[in-house]
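Q: Reminder that position 350 of the sequence shown reads as 350 in full-length UniProt numbering, one-by-one numbering, no gaps.
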Amino acid sequence: MPPELLLVLDVPILEALTTLRCCESFSMERLELLGDSVLKYAVSCHHFLRYPNKHEGQLSARRSLAVCNSTLHKLGTDHKIQGYIRDSAFDPRRWVAPGQRVLRPVPCKCGVDSLEVPLDKKFQTEDPKVKVGKSCDRGHRWLCSKTISDCVEALIGAYYLSGGLVAALHVMKWLGIDAELDPLVVAEVINQASLRTYVPNYEIHMIESKVGYNFSVKFFLQEALTHESLHESYCYQIPCELTFLRIENFRQRLEFLGDSVLDLLITQYLYKHHTDIDPGELTDLRSASVNNENFAQVAVRHDLHKHLQHCSTLLSNQISEYVQSFTESDNTTRLDPSIKGPKALGDLVESIVGAILIDTNLNLDKVWRIVEPLLSPIVTPDKLELPPFRELNELCDSLGYFIKEKCKNKGEVVHAELLLQLDHDLLVGEGFDRSRKVAKGKAASCLLKDLENRGISRKKRKHDCVDSSQTMEDDSLEPTIPKRQRRAEIQLLDGSKKACSATPATPGYDIIECTGDAKADKKSSSDSAALFMLYELEQRGKLIIEETL
1 MPPELLLVLD VPILEALTTL RCCESFSMER LELLGDSVLK YAVSCHHFLR YPNKHEGQLS
61 ARRSLAVCNS TLHKLGTDHK IQGYIRDSAF DPRRWVAPGQ RVLRPVPCKC GVDSLEVPLD
121 KKFQTEDPKV KVGKSCDRGH RWLCSKTISD CVEALIGAYY LSGGLVAALH VMKWLGIDAE
181 LDPLVVAEVI NQASLRTYVP NYEIHMIESK VGYNFSVKFF LQEALTHESL HESYCYQIPC
241 ELTFLRIENF RQRLEFLGDS VLDLLITQYL YKHHTDIDPG ELTDLRSASV NNENFAQVAV
301 RHDLHKHLQH CSTLLSNQIS EYVQSFTESD NTTRLDPSIK GPKALGDLVE SIVGAILIDT
361 NLNLDKVWRI VEPLLSPIVT PDKLELPPFR ELNELCDSLG YFIKEKCKNK GEVVHAELLL
421 QLDHDLLVGE GFDRSRKVAK GKAASCLLKD LENRGISRKK RKHDCVDSSQ TMEDDSLEPT
481 IPKRQRRAEI QLLDGSKKAC SATPATPGYD IIECTGDAKA DKKSSSDSAA LFMLYELEQR
541 GKLIIEETL
């Protein structure tokens, strides 16, 4: 066994095989996020090196096929990983010591005589009534296919966390994922690029000083700065299309590589520096950090946009408009956040990072030391801003209000209208844009501003609160709107048991609170509380429950 694998700790592996249904203090969610980035990076580098003549679209298609859930599910089941996954809470009533009988037997009705269930269509279902994770006396249980693929990614993340990239590559090889990174192939790519013609340009040295790295092969940086429109202009004037086509593909290939390495480095940074946040918030941080808009702002902050070589008047106007949306003092504050960065600026940063990665022989530590100052400041949980439409949805969901959405096409423009009915007022937000998503975002921004003027804003995240138990029930966060429906509150009872209390409150009516039975999982406890609430409302004459055949 390679020495790198001997250093892998058993705790991360246990975490990688434990799902949220186990109701433990840990789960594989965070490791899955890290493993997803590691897998994407390794496969991207492998395809970049193995297929030197493939363009970005072809490389992306091959990568998508290699890392999709169906592929990972097959690889996981081929190695019988499903048998090690912990997907249900520990039930002491069903635990037995050797030689004893279980007090609460669950007879096997699976129709399988062996302990191992065959992986064929007979034992696959999409029936929502199936109880996932609950095993019979023979140990048979239902598992979601995505759970298996997620655990495969989490295992890759666990090995990367303990043994670095070498250990992660070993476990990927064991799984059957083709992601070998041959140093000889990397050296060959660098050698071939060094033989390319390089036209000395003073801007190259200026960019090297801004980036903080001197390229050993200047051709990499030269290609990273060259937009497709410039190649198209050359191809129109010079009949050697194939030569320029290959160069154009190389720039796009650098962008393909830079996207994956930035995703890995930023995810790794967030994973290690924010250990106290939940996986959902960690995903939000990554989404806010790894996107075209953020990279476009990086290009403007460091004046990299001035060195983009292109022959497009439209792109030039878009860049000028975007740059003018920043304040002149620090290039960090946006005067008009509605103006989105041109994709070419985000691609510029990705291609430069991809060029640095190849020029440094895939040295991730060195690339991060170069890239971190460029990306700073990296978003933190207290500075995290959600997309307007999602923020509005979460706010209204916590307050018990519903949003009615209307979208109409008016020529080439989409008119989005969001209606929010409060207790005494109807709020309307409108947005116009060519994109339906952007139009809805603009309409949501209008409603958020209106709500903020009324003293209503999104709940602060728990790490910002002095008291971590503070919730939306704090009157200071919602002074003008009483709750119409409160979310279920979870209380831990009897170790792994959970009990839910349902408390619907409507203006002008009494508050009714019912606590359900303690159950092994959150959904069952919520259903129990809801059932007691229905019975209580029936006793008060608020509704009639009819039995259906």
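Glycine included, each C-beta is placed from N, C-alpha and C at the ideal position. Small disclaimer: the values here were computed from a predicted structure and weren't measured.
#1: Which residues share a DSSP beta bridge with R86?
#2: For L420 versus C396, is the C-beta spacing smaller than 8 Å?
#3: Should T267 be listed as close to the ligand PLP, given that the test is whether its C-beta is under 7 Å from any heavy atom?
#4: Between the C-alpha atoms of D517 and E536, what's the straight-line distance to the nearest angstrom?
#5: Taking all protein chains shown into account, do 16 or more other C-beta atoms lie within 10 angstroms of the C-beta of R434, making it buried, or fewer, making it exposed?
#6: Between the alpha carbons of L447 and V185, how many angstroms are there, rounded?
#7: Closest by CA to E29, which one among C151, K410, I177?
#8: Tell me which residue opens and which closes the alpha helix (DSSP H) that I190 is part of.
#9: Between which two residues does the beta strand (DSSP E) carrying A416 extend?
#10: Express the C-alpha separation of Q539 and M533 in angstroms, rounding to a whole number.
#11: Pull up the DSSP beta-bridge partners for T327, would you.
#12: E24 to L17, Cα distance in whole Å?
#13: With L448 as the anchor, note down where its alpha helix (DSSP H) starts and where it stops.
#14: Which residues share a DSSP beta bridge with D433?
#15: How many whole angstroms separate the CB atoms of A429 and A439, which I take to be in contact at a CB cut-off of 8 Å?
#16: What separation, rounded to the nearest whole angstrom, lies between the Cα atoms of G164 and D10?
#17: Taking all protein chains shown into account, decide if V106 is buried (16 or more other Cβ within 10 angstroms of its Cβ) or exposed.
#18: Tell me whether the segment 136–143 and the segment 48–66 touch, counting them as touching only if at least three CB pairs, one residue from each stretch, are closer than 8 Å.
#19: Quick one: Cα of L34 to Cα of K272, how far?
#20: Could you pull out every unbroken alpha helix (DSSP H) segment of at least 4 residues lying fully inside the UniProt domain "RNase III" (15–164), listed in chain order?
#21: Restricting to Cα atoms, I'd like to know which of L161, D423, L422 is closest to E15.
#22: Hey, would you say residue 603 sits closer than 8 Å to D78, going by beta carbons?
#23: Can you list, in chain order, the residues of its chain whose CB lies under 8 Å from that of L75, leaving out five sequence neighbours each side?
#24: Give me the residue from V130, S524, Q100 with the minimum Cα distance to K109.
#25: Specify the secondary structure class of C311 as computed by DSSP and reduced to three states.
#26: Does the distance from the CB of P381 to the CB of E281 come in under 8 Å?
A: Judging by the given coordinates:
#1: T18
#2: Yes.
#3: Within the structure as shown, the ligand PLP is missing, as the structure has no ligands at all.
#4: 15 Å
#5: Looking at its Cβ environment, which holds fewer than 16 other Cβ atoms inside 10 Å, R434 is exposed.
#6: 55 Å
#7: C151
#8: 183–194
#9: 413–421
#10: 10 Å
#11: Per DSSP, none; premise fails for T327.
#12: So the alpha carbons of these two residues sit roughly 12 Å apart.
#13: Here the alpha helix (DSSP H) through L448 covers 436–453.
#14: V414
#15: Note that residue 429 is Gly in the sequence shown, not Ala. No, G429 and A439 are not in contact; Cβ-Cβ is about 11 Å, not under 8 Å.
#16: C-alpha of G164 to C-alpha of D10: approximately 15 Å in a straight line.
#17: It is exposed - the Cβ of V106 has fewer than 16 other Cβ atoms within 10 Å.
#18: No, they do not touch.
#19: 10 Å
#20: Annotation note: the UniProt domain "RNase III" (15–164) contains the following uninterrupted alpha helix (DSSP H) runs of length 4 or greater, listed N- to C-terminal: 29–50, 56–67, 69–78.
#21: L161
#22: Shown here, the chain extends from 1 to 549; a query on residue 603 therefore has no answer.
#23: V152, L175, G176, I177
#24: V130
#25: coil
#26: yes
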